[in-house]
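For reference, the structure is listed below as structure tokens.
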Amino acid sequence: MQLQLNKPYNFNIATGLIYVFGEKVENYFIVGYDPITSQYELEVWKYPKPLPEEEDVRKGEEMYKPPMSQIDRIRELEEQVKKLQEIIDKLMKEKGF
692 MQLQLNKPYN FNIATGLIYV FGEKVENYFI VGYDPITSQY ELEVWKYPKP
742 LPEEEDVRKG EEMYKPPMSQ IDRIRELEEQ VKKLQEIIDK LMKEKGF
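Residue numbers for the sequence shown, in the working numbering: 692 to 788.
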């Protein structure tokens with residue numbers, strides 16, 4: 692079964708192949724589907740999409756952490772306070788207080 696997408700896209704559901712202006716495209720990502728019109732919203736690019744910087748990937752993973760329980764959050768805050776207190780104590784010793 693083939694669906695006409697907003698021309699010039701032609702998407703074959705059975706094979707998952709996309710043709711743009713009659714040329715097979717292997718690098719695409721389906722970003723949406725409208726069940727009423729049976730239209731797919733696609734992001735198509737000619738070359739493999741570059742990966743984001745490793746640090747950006749790490750930040751993205753941190754964004755999607757599941758919510759912590761209140762007890763875990765309190766423990767994490769206590770650890771942060773302990774680390775800050777150690778830094779303050781170290782600075783106080785260095786300054787002679």
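By construction, the Cβ of each residue, glycine as well, lies at the ideal position given by its N, Cα and C atoms.
These numbers come from a predicted model, not from an experiment.
query: Rounded C-alpha distance that separates R764 from K773; result: 14 Å
query: Alpha-carbon to alpha-carbon, T728 and N769; result: Checking the displayed sequence, the identity of residue 769 turns out to be Glu instead of Asn. If you take the alpha carbons of E769 and T728, they lie about 54 Å apart.
query: Cβ shell of F788 (< 8 Å), same chain only, five flanking positions each side left out; result: none
query: C-alpha gap between I762 and E785, whole angstroms; result: 35 Å
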